[in-house]
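Structure record follows, encoded as structure tokens.
Chains as they are written, first to last, in my numbering: chain A, 921 to 1111; chain B, 921 to 1111.
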């Protein structure tokens, strides 16, 4: 891991967690993975992240066991990046930060809201469904809804368009940015 | 805010949350604030953080409305840094990251565990009390317990010693590192 040596003397589960996901792009990459993004080119199109940074971050998250690579094409080799069980375990804190940001760091209504797919009720602050008295809705049971709000920027990339319709988290958005549109020699999937 | 311009095109509550708490020291400072740390010198003693970085981070968290300054001495002026309501709202994702780190990023048992103070039951993964069927225990109702584990480093600073005994979150540890032991011209409380 490139990060974390500053925290070496902090014997704390949070410090260890931050070694994996504390780098500022990592949580946005993982957010996209929950939205269904799996491919290098799709992350690139959606995140405005420099290619080299995306390459490094995907490799680090894979090495840390939060994402795993699944080949979807042999020649040339191309990979999906899929959340592992450890990665799926990040849903509660990720949802918590999303809700906190919507509550305290964003003015007005949030663009995206998360609902229990089965009943349509918006998740509560801690990711449960108050209607069904569920303490925690697993990400595969969560529906994301996106609204266009006046005065708020709307991205024009194809991944943003693909996730604009209500859809279940984790449902793969395969190659929304076009097959191999962005894959290249610096896709760590190729190495 | 010094952070966040890279995220400007991400219309997302998470991106906004990360502008406030995504910098890698910020969540460790906030963790300490939940543990009861309030004073510049105590954060400094416990975090191995460079003075200048701590000064910048405390100022940024105060400006963002997550911490507020409360004078505890007039001459020279000295301040406690106290969690605001917005700061207290970070407990669910912070606890989630702590639990995730303990589950997936730390080998062996976690050093610190969090319990419902009223009944002693360890909080579940999402910060609730399974014994009392509480979906969420507010931080003031949480007791932190610290264990010394074989082969794990034990810090010798006075703040670590002060939080080693079981205690409620948020209960102030005033000046554990000694009155004014570390306060100085670069304590933003002095400006």
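For glycine and all other residues, C-beta sits at the position ideal for the given N, C-alpha and C.
Keep in mind the model is a prediction, meaning the values are calculated, not measured.
Kindly indicate the opening and closing residues of the alpha helix (DSSP H) around residue 1082 of chain A.
It spans 1078 to 1082 - the alpha helix (DSSP H) in which residue 1082 of chain A sits, taken as one unbroken run.
Residue-level contact to chain A via CB, residue 936 of chain B, 8 angstroms cutoff:
For residue 936 of chain B, a Cβ of chain A is located within less than 8 angstroms of the residue's own Cβ.
Counting only beta-carbon atoms, is residue 1088 of chain B nearer than 8 angstroms to chain A?
The Cβ of residue 1088 of chain B sits no closer than 8 angstroms to any Cβ of chain A.
Does the distance from the C-beta atom of residue 1021 of chain A to that of residue 950 of chain A stay below 8 angstroms?
It is not a contact, given that the beta carbons lie outside the stated cut-off.
I'd like to confirm the pairing. Which residues does DSSP put opposite residue 991 of chain B in its beta bridges?
According to DSSP, residue 991 of chain B bridges with B:999.
So which of B:1084, B:1060, B:1079, B:1076 has the shortest CA-CA distance to residue 1090 of chain B?
For residue 1090 of chain B, the nearest C-alpha among the options comes from B:1060.
Is residue 1094 of chain A helix, strand or coil when you go by DSSP?
If DSSP states are grouped into helix, strand and coil, residue 1094 of chain A belongs with coil.
Along the chain, where does the alpha helix (DSSP H) that runs through residue 939 of chain B open and close?
Taken as a continuous stretch (DSSP letters only), the alpha helix (DSSP H) holding residue 939 of chain B covers 933 to 941.
What does DSSP give as the partner residue(s) for residue 1054 of chain B in the beta ladder?
Among the bridge pairs identified by DSSP, residue 1054 of chain B is matched with B:1049.
Is residue 1028 of chain B close to chain A, meaning its C-beta is less than 8 angstroms from at least one C-beta of that chain?
Closer than 8 angstroms: no.
So what does DSSP say about residue 1118 of chain A, is it helix, strand or coil?
Here chain A has residues from 921 to 1111 only, and residue 1118 of chain A is not among them.
What's the C-alpha gap between residue 947 of chain A and residue 1030 of chain A?
Straight-line spacing of the CA atoms in residue 947 of chain A and residue 1030 of chain A works out to 18 angstroms.
I'd like to know if residue 1076 of chain B contacts chain A, where contact means its C-beta is closer than 8 angstroms to some C-beta of that chain.
Output row for residue 1076 of chain B: interface = no.
What residues match up with residue 966 of chain B in a beta bridge as DSSP calls it?
Under DSSP, residue 966 of chain B shares a beta bridge with no residue.
So the alpha helix (DSSP H) residue 944 of chain A belongs to, where does it begin and stop?
Element bounds for residue 944 of chain A: n/a, residue is neither H nor E.
How about residue 1055 of chain B and residue 1048 of chain A: do their beta carbons lie closer than 8 angstroms?
It is a contact, given that the beta carbons lie within the stated cut-off.
Contact set between residue 1001 of chain A and chain B, taken where Cβ atoms lie within less than 7 angstroms:
Chain-order list of chain B residues neighbouring residue 1001 of chain A: empty, with the shortest C-beta distance near 17 angstroms, by a criterion of under 7 angstroms.
List the residues that DSSP assigns as beta-bridge partners of residue 1034 of chain B.
Residue 1034 of chain B pairs with B:1064.
With a 10 Å radius around its C-beta and 16 neighbouring C-beta atoms as the bar for buried, classify residue 1157 of chain B as buried or exposed.
Since the first residue shown for chain B is 921 and the last is 1111, residue 1157 of chain B is missing from the structure and cannot be characterised.
Close Cβ partners of residue 985 of chain A (< 7 angstroms) along its chain, the five nearest in sequence each way excluded:
Answer for residue 985 of chain A: 1004, 1006, listed in chain order.
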